[in-house]
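Engineer: Residue numbers (our numbering), protein chains in the order written: chain A, 1 to 335; chain B, 336 to 670. Beta carbons are placed, not taken as given, at the ideal position from N, Cα and C, and that holds for glycine. Since we're looking at a predicted model, the values are computed, not measured. Sending over a structure as structure tokens; questions will come in a sec.
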């Protein structure tokens with residue numbers, strides 16, 4: 001029998017809370033035998049949501065939390081003051097070991113700060129990066145770091161590359177994942193100071209399969225599995241990816257509605273187009289893990305639906321089953 | 336009568352040289368009375384290209400250059416050694432004043448280095464940024480800096496904002512252009528060290544219309560006219576813009592070819608779609624100017640067609656007619 005896995009889900013986090021987090025929890029426990037979920041948040045509201053669904057009642061419990069951290073709040077203050085919030089309660093469960101992982105669609109800043117301050121880093125991890133999967137022509141790539149630590153140093157980027165490789169190999173099942181560093185040209189001498197200093201560290205590291213620099217233009221091709229950069233650049237890549245994608249798709253839709261001819265055409269291409277665009281959506285793989293903590297914290301999009309929450313819970317299970325944190329500790333011991 | 340304007344065009348630069356640069360030159364002199372073009376490169380080849388077209392022979396001349404700088408060459412070395420290349424000859428013409436501006440689709444690195452080393456900066460300009468126009472839902476925005484100077488300082492970014500504003504106002508005709516700085520959140524306290532130090536400089540500068548931070552996700556909306564960032568980030572934005580756009584469009588096209596139904600639909604939506612996607616293409620506005628030089632250097636895409644070359648030549652004319660360099664000097668004198 002597989003080990004039981006407990007995932008705390010912040011039922012009040014995100015634009016669609018509590019409806020979608022609750023539904024996502026139900027979907028996840030129905031999908032996998034060994035998953036248990038603890039929903040944190042306003043108990044009464046959560047219980048009335050849960051009543052809509054059929055599931056094994058032993059596998060979902062509720063922990064009452066009266067406060068909610070809003071998106072606009074200064075993160076450090078929010079984490080400190082709102083002890084009885086759905087997020088802080090979930091973070092504390094991971095810290096104390098009553099949950100293996102947590103999933104939240106709430107305030108990014110609070111999740112990042114809370115992960116580091118409350119859950120804490122694995123000893124030896126300099127900075128825990130946020131590592132979302134981004135869609136590509138061929139599947140997904142891991143973008144690491146993407147918002148947790150600005151003004152990073154070369155040694156941080158080296159750790160990101162190693163932890164990202166472990167994640168892609170054991171959670172995503174990519175054999176010997178290819179690692180590249182984001183650069184403004186492919187030649188070795190190109191780059192800013194940080195990239196120039198990091199490049200030789202990556203090149204000589206025996207633990208990773210470093211393939212060199214990658215220009216932003218080539219990221220969507222999906223030829224590389226782990227894309228290393230510092231958080232400011234990663235954040236720009238992640239957000240622009242979403243922004244350009246959303247703008248182009250809305251312009252294509254709008255363009256199709258300009259004449260009767262194109263409207264008829266639009267009806268005919270719709271199913272095929274929907275399928276194509278679905279393949280350029282990484283949310284089915286789950287959220288962005290904050291890697292290198294004593295436990296696992298997964299941040300999903302603010303507008304997450306049950307599908308992304310459920311996928312994130314399954315991702316947590318895989319993370320634990322594959323012993324990712326043990327592998328990270330082993331990697332650090334070998335350094 | 337309007338003043339005569341002389342633009343040197345590197346006829347050997349880019350993937351489509353000399354065919355497209357030559358055709359672009361012909362289109363430009365046919366489009367505007369006061370433009371004269373000097374094509375630099377292998378005279379015999381250029382002359383045989385020119386024979387294909389009808390134009391006022393007095394308005395295009397050829398300057399023979401026997402060498403070509405290739406894309407892969409180390410830029411500094413190439414500029415230094417290949418004195419008889421089409422690019423260096425054009426750069427020297429701007430330096431000596433026999434041309435007002437130059438347009439090249441050749442090696443980006445060589446154009447950037449050559450602009451700074453041969454043409455030289457306006458006195459007081461700390462760093463001349465590369466400032467391409469990027470397409471948005473509403474038109475175009477100027478992205479500055481985009482590849483000329485990595486590891487920039489706050490004072491550089493302030494100058495980029497000022498020079499970018501002058502360009503957008505007087506070349507693109509945008510009244511009181513809105514300026515924003517690329518950031519990882521919209522709150523004033525967000526950002527890396529560079530952004531945090533630059534923000535107050537922009538906020539208190541009386542010469543620009545600063546509207547605050549912009550997240551990469553919102554760039555494609557086109558709510559801002561001048562987007563300020565350091566070159567590494569700008570390069571990532573520019574390249575990713577192109578990469579995500581190209582990947583999505585090719586996936587949409589491919590998606591439409593998956594069934595008979597969608598193929599018929601594709602035929603019907605094609606004209607409308609083509610029009611929409613054309614509006615998301617900045618090349619009709621010209622290339623990326625390197626701003627702050629004693630003259631003007633415009634870098635176009637490596638795969639430029641005559642349309643982009645011709646638009647760039649007209650852009651050079653507008654740049655001179657509007658006295659952009661005089662306005663930059665005036666701005667520097669007021670500092």
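Taking the runs of the alpha helix (DSSP H) that are 4 residues or longer, which of them lie wholly in the region 92–127 of chain A?
Structural biologist: 108–114
Engineer: Once DSSP output is grouped into helix, strand and coil, what is the label at residue 309(A)?
Structural biologist: Taken through DSSP and simplified to helix, strand or coil, residue 309(A) comes out as helix.
Engineer: Quick check on residue 14(A): does DSSP put it in helix, strand or coil?
Structural biologist: coil
Engineer: In terms of residue numbering, what span does the beta strand (DSSP E) encompassing residue 68(A) cover?
Structural biologist: Counting along the chain, residue 68(A) falls outside any beta strand (DSSP E), and DSSP gives it neither H nor E.
Engineer: Which runs of the beta strand (DSSP E), 3 residues or longer, sit entirely within the region 538–573 of chain B?
Structural biologist: 544–550 and 561–563
Engineer: Closest Cβ-Cβ distance between residue 603(B) and chain A: below 8 Å?
Structural biologist: yes
Engineer: Would you mind telling me which residues of chain A sit closer than 9 Å to residue 414(B), beta carbon to beta carbon, in chain order?
Structural biologist: Under the 9 Å cutoff, chain A gives no residues; its nearest Cβ is about 16 Å from residue 414(B).
Engineer: Quick one: what's got a C-beta closer than 7 Å to residue 424(B)'s C-beta in the same chain, skipping five residues either side?
Structural biologist: Closer than 7 Å at Cβ, skipping near neighbours: 375, 398 and 400.
Engineer: Here's the rule: buried if 16 or more other CB atoms are within 10 angstroms of the residue's CB, otherwise exposed. What is residue 305(A)?
Structural biologist: buried
Engineer: Using the C-alpha atoms, what's the distance from residue 254(A) back to residue 213(A)?
Structural biologist: Here the alpha carbons of residue 254(A) and residue 213(A) stand approximately 37 Å from one another.
Engineer: Looking only at its own chain, which residues have a Cβ that is under 6 Å from the Cβ of residue 315(A), when we skip the five neighbours before and after it?
Structural biologist: 286.
Engineer: Going along the chain, which unbroken runs of the alpha helix (DSSP H) with 4 or more residues stay wholly within the region 120–186 of chain A?
Structural biologist: 154–170
Engineer: I think residue 334(A) touches residue 122(A), with their Cβ atoms under 8 Å apart; what is that distance to the nearest whole Å?
Structural biologist: Actually they do not touch by this definition, with Cβ atoms about 14 Å apart.
Engineer: Within the same chain, show all residues whose beta-carbon is closer than 6 Å to that of residue 327(A), passing over the 5 residues directly before and after it, in chain order.
Structural biologist: 166
Engineer: Considering only residues of the region 569–635 of chain B, which uninterrupted alpha helix (DSSP H) runs meet the minimum length of 4 residues and lie entirely inside it, listed in chain order?
Structural biologist: 595–614
Engineer: Considering only their Cβ atoms, is the gap separating residue 485(B) from residue 273(A) smaller than 8 Å?
Structural biologist: The criterion of a C-beta distance shorter than 8 Å is not satisfied by residue 273(A) and residue 485(B).
Engineer: Nearest-angstrom Cα distance between residue 235(A) and residue 626(B)?
Structural biologist: 28 Å
Engineer: State the start and end residues of the unbroken alpha helix (DSSP H) segment that holds residue 359(B).
Structural biologist: 354–366
Engineer: Of the residues 540(B), 583(B) and 538(B), which one's Cα is nearest the Cα of residue 222(A)?
Structural biologist: 583(B)
Engineer: Please check if any C-beta of chain A sits within less than 8 Å of the C-beta of residue 353(B).
Structural biologist: no
Engineer: So which residues on chain A does residue 534(B) lean against when the C-beta distance must stay under 8 Å?
Structural biologist: Going along chain A, no residue has its Cβ under 8 Å from residue 534(B), so there is no contact; the nearest lies around 14 Å.
Engineer: Let's test the definition: count the other Cβ atoms within 10 Å of the Cβ of residue 56(A) and tell me whether it reaches 16, buried, or not, exposed.
Structural biologist: exposed
Engineer: Strictly by DSSP, which residues pair up with residue 40(A)?
Structural biologist: Under DSSP, residue 40(A) shares a beta bridge with 10(A) and 63(A).
Engineer: Contact check, residue 226(A) vs residue 161(A) under 8 Å by CB: the rounded distance?
Structural biologist: Residue 226(A) to residue 161(A), Cβ: 6 Å. Contact.
Engineer: Tell me where the alpha helix (DSSP H) around residue 334(A) begins and ends.
Structural biologist: 324–334
Engineer: With H, G and I counted as helix, E and B as strand and the rest as coil, what does DSSP make of residue 86(A)?
Structural biologist: helix
Engineer: Please confirm if the region 257–277 of chain A is in contact with the region 126–142 of chain A, defined as three or more CB-CB distances below 8 Å between the two stretches.
Structural biologist: no
Engineer: I need the boundaries of the alpha helix (DSSP H) containing residue 81(A), first residue and last residue.
Structural biologist: Counting along the chain, residue 81(A) sits inside the alpha helix (DSSP H) bounded by residues 75–81.
Engineer: What distance in whole Å lies between the Cβ atoms of residue 618(B) and residue 577(B), which are believed to be in contact at a cut-off of 8 Å?
Structural biologist: 11 Å between Cβ atoms; not a contact.
Engineer: Considering only their Cβ atoms, is the gap separating residue 6(A) from residue 98(A) smaller than 8 Å?
Structural biologist: yes
Engineer: Given this structure, state the Cα-to-Cα distance separating residue 250(A) from residue 238(A), to the nearest angstrom.
Structural biologist: 18 Å
Engineer: Is it the case that the region 174–185 of chain A contacts the region 201–210 of chain A, given that we only count it when at least three CB pairs across the two stretches are under 8 Å?
Structural biologist: yes
Engineer: Determine the contact status of residue 11(A) and residue 21(A), defining contact as a CB-CB distance below 8 Å.
Structural biologist: In contact: residue 11(A) and residue 21(A) (Cβ atoms closer than 8 Å).
Engineer: Comparing alpha-carbon positions, which option in 579(B), 624(B) and 428(B) lies nearest residue 277(A)?
Structural biologist: Cα-wise, what sits closest to residue 277(A) is 579(B).
Engineer: Show which residues of chain A have a CB atom less than 9 Å away from the CB atom of residue 472(B).
Structural biologist: 247, 250 and 251
Engineer: Whose Cβ in chain B lies nearer than 9 Å to the Cβ of residue 47(A)?
Structural biologist: The contacting residues do not exist; residue 47(A) stays about 35 Å from chain B at best.
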